[in-house]
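Asker: Quick one: the structure is below, questions incoming.
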Amino acid sequence: MINRRLISFEGPEGSGKSTQIKYLSDKLIEMGEQVISVREPGGTHLGESIRQSLQAKDPAGLSNTAELLLFMSSRAQLVNEIILPALHEGKWVLCDRFIDSSVAYQGYGRGGDIDLIERLNCYATQGLFPSLTVLLELNIRTCFERLTRRYSEINGEKDRIESESLDFHQRVIDGYRMLSTTENRFKSMDGSQDPDVIADNIFQWIIKLGS
907 MINRRLISFE GPEGSGKSTQ IKYLSDKLIE MGEQVISVRE PGGTHLGESI RQSLQAKDPA
967 GLSNTAELLL FMSSRAQLVN EIILPALHEG KWVLCDRFID SSVAYQGYGR GGDIDLIERL
1027 NCYATQGLFP SLTVLLELNI RTCFERLTRR YSEINGEKDR IESESLDFHQ RVIDGYRMLS
1087 TTENRFKSMD GSQDPDVIAD NIFQWIIKLG S
């Protein structure tokens, strides 16, 4: 089940997803549309609790299976509690990460069973898929430069997944590129471009969805 008003934003760490979601949300609201923006993991009371567990640097470690199922639990709750009701009300839903993050991170990044992940995605979302997935691509050097700058500005530190090795993040980037060549709903942009240029292109894609 593909819903025209469900748009997902994907990309590696620091690729600018949140910035572009804000741009698009503001534009749609200017046009008189109703919009909600959600993030994964999170977006619900349960999801935010799961987010804390997934981001925490647990010395005991979190197994790959547990990590995958926690993401799926957060997603299932988000779809049931927030996304589906909003779509039924005719609202646009902009997702900061969705089903493809699990394929890229837990599949390509962790080496998990991609077929299994895709089946779990379908179950968790009740068969719901976005009509458009915006992939913001960045090379790994730029990703880490942006992360370092972000956390130095707020005197913070990287979370558990952000702190993974360069090899892990490169596998994630490669996984996203693979997805973009096999899924027709993907539209890719160079995330290092001027944010206004990226936003203009994304908005044109949205216009074409309604044509």
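Per this note's numbering, residue 907 is the first one in the sequence shown, and the count goes up by one each step. Virtual Cβ for every residue (Gly too), placed ideally from N, Cα, C. Since this is a predicted model, take the numbers as computed values, not measurements.
(1) Buried or exposed, going by whether 16 or more other CB atoms sit within 10 Å of the CB of Ser921?
(2) What residue range does the beta strand (DSSP E) around Pro918 cover?
(3) For Asn1027, count neighbouring C-beta atoms within 10 Å of its own C-beta (all shown protein chains included) and say buried if the count is 16 or more, exposed if not.
(4) With DSSP run on the structure shown, which of helix, strand or coil describes Glu1089?
(5) At a cut of 8 Å, does the stretch 997-1012 reach the stretch 951-966 through at least three beta carbon pairs?
(6) Tell me Glu1043's beta-bridge partners as DSSP assigns them.
(7) Excluding five sequence neighbours on each side, which residues of the same chain lie with their C-beta closer than 7 Å to the C-beta of Val941?
(8) When you compare only the Cα positions, how much space is there between Thr925 and Leu952?
(9) Between which two residues does the beta strand (DSSP E) harbouring Ser943 extend?
(10) Taking the alpha helix (DSSP H) that Leu1026 belongs to, which residues open and close that run?
(11) Excluding five sequence neighbours on each side, which residues of the same chain lie with their C-beta closer than 8 Å to the C-beta of Ile1046?
(12) Looking at the structure shown, is Asn1107 part of a helix, part of a strand, or coil, going by DSSP?
(13) Taking 8 Å as the cut-off, decide whether the C-beta atoms of Thr1031 and Val985 are in contact.
Answerer: Put simply:
(1) buried
(2) Taken as a continuous stretch (DSSP letters only), Pro918 belongs to no beta strand (DSSP E), as it is neither H nor E.
(3) buried
(4) coil
(5) no
(6) Asp1096
(7) Ser931, Leu934, Ile935, Lys997, Trp998 and Leu1000
(8) 25 Å
(9) Val941 to Arg945
(10) Ile1020 to Ala1030
(11) Pro918, Leu1072, His1075, Gln1076 and Ile1079
(12) helix
(13) yes
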